[in-house]
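Asks: Numbering-wise, the numbering used here puts 150 at position 150 of the sequence shown, and it's gapless, one number per residue.
Cβ coordinates follow ideal geometry from the N, Cα and C atoms, glycine included.
Dropping the structure in here first, questions after.
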Amino acid sequence: MRKFREQPFEKPPEEELPPPVGPRAPDAIDRLIAEHGPATICAILAPVLTEARVARIEQVLAARLGSILPVVEDVYEPHNGAAVIRSAEALGLQELHVLETGVRFQALRGITRGCHRWMDLARWRDARACVDALHARGFTVLATTPRGAMPLDAVDVSRPVAIVFGNEHAGLPEATIAACDGAVVLPMFGFTESFNLSVTAALATSQLAARRRAFLGADGDLDPARVAHLRARWYALKVRGAAGVIERAVSARTHGDVAPEPQSP
Ligand SMILES: C[S@@+](CC[C@H](N)C(=O)[O-])C[C@H]1O[C@@H](n2cnc3c(N)ncnc32)[C@H](O)[C@@H]1O
1 MRKFREQPFE KPPEEELPPP VGPRAPDAID RLIAEHGPAT ICAILAPVLT
51 EARVARIEQV LAARLGSILP VVEDVYEPHN GAAVIRSAEA LGLQELHVLE
101 TGVRFQALRG ITRGCHRWMD LARWRDARAC VDALHARGFT VLATTPRGAM
151 PLDAVDVSRP VAIVFGNEHA GLPEATIAAC DGAVVLPMFG FTESFNLSVT
201 AALATSQLAA RRRAFLGADG DLDPARVAHL RARWYALKVR GAAGVIERAV
251 SARTHGDVAP EPQSP
């Protein structure tokens with residue numbers, strides 16, 4: 001039988017890395033969007049994209065949910081880090097926050113398959129700072145632990161919810177649990193004492209996202225400015241050499257040159 005060989009963690013290019021603390025820092029694409037405006041970026045790049053791609057981006061944008069937000073603390077296994085990102089993106093969640101109080105977050109690229117690019121990843125070194133920032137944005141912040149007092153079903157989804165998951169070994173530190181607004185349990189009925197971290201994150205966020213969408217009566221909840229920015233960002237991520245295409249188109253508009261050639265799908 002062929003032996004499974006673990007793929008080493010690949011460090012993403014520097015500009016894809018979020019800042020050491022806080023929300024994702026603007027990268028080259030964000031800067032182009034800020035300079036020219038999202039509508040201009042979309043007008044330049046839309047002819048380079050296939051109709052199917054544009055339609056898919058609109059479909060995903062319409063279902064993007066910002067008000068259910070997973071937070072993971074000190075994940076050891078890159079497989080788990082990647083699985084958390086992949087499930088969150090597949091569920092249509094826009095943000096993942098990573099607490100690195102002791103362990104640098106890593107995600108196996110072979111498992112994420114690049115899906116982290118569509119999300120906003122924030123990194124924090126201090127649980128209190130992360131929780132305070134989420135409170136300031138109106139989130140209820142809940143810890144998860146097999147010894148939690150509140151069953152997941154009882155979580156109030158009429159407000160945005162951030163849900164915090166601990167690592168594979170010790171789970172969440174007491175200080176993080178204390179900083180949160182409550183501790184949630186996913187009921188278990190077997191002999192096993194806890195779920196796997198990435199399984200818990202998928203189970204919990206899947207249920208919370210479904211209930212939040214039912215509460216909102218809509219799949220997506222991002223405000224129009226964020227949708228416009230993401231549309232321009234995702235167009236740019238889908239076009240090879242987008243920065244060059246944009247610069248040439250802006251220059252052509254200024255000097256009356258020709259439009260860019262469409263790329264093959
Ligand atoms: C493998 S578990 C850690 C187990 C650890 N020994 C503990 O007691 O917390 C990894 C993470 O998954 C989440 N988790 C696992 N099972 C859970 C459950 N039944 N209810 C709530 N959270 C759970 C928690 O966030 C936990 O920190």
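Are the beta-carbon atoms of P70 and L96 separated by less than 8 angstroms?
Replies: yes
Asks: Quick one: Cα of I177 to Cα of L134, how far?
Replies: 15 angstroms
Asks: Quick one: give me the first and last residue of the beta strand (DSSP E) that V71 is part of.
Replies: I68 to E73
Asks: Starting from W118, follow its DSSP beta bridges and name the residues at the other end.
Replies: Partner(s): none; W118 has no beta bridge.
Asks: Tell me the rounded alpha-carbon separation between E6 and H36.
Replies: Low confidence applies to E6: its pLDDT is 35, below 50, so where it sits in the model is not reliable, and the reading given next is rough at best. Cα-Cα distance, rounded: 43 angstroms.
Asks: Which first and last residues belong to the beta strand (DSSP E) in which E95 is found?
Replies: E95 to L99
Asks: Could you tell me the alpha carbon to alpha carbon distance between L197 and G217, rounded to whole angstroms?
Replies: Roughly 30 angstroms between the two C-alpha positions.
Asks: Quick check: is any heavy atom of ligand 1 less than 7 angstroms from the C-beta of F191?
Replies: no
Asks: Run the proximity test for S194: is its beta-carbon closer than 7 angstroms to any non-hydrogen atom belonging to ligand 1?
Replies: yes
Asks: Return the chain-ordered ranges of every alpha helix (DSSP H) run that is complete within the region 23-51 and spans a minimum of 4 residues.
Replies: 28-36 and 38-45
Asks: Would you say R125 and T101 are within 8 angstroms of each other, going by their C-beta atoms?
Replies: yes
Asks: Determine the DSSP secondary structure at A175, reduced to helix, strand or coil.
Replies: Looking at A175 - three-state DSSP - the assignment turns out to be helix.
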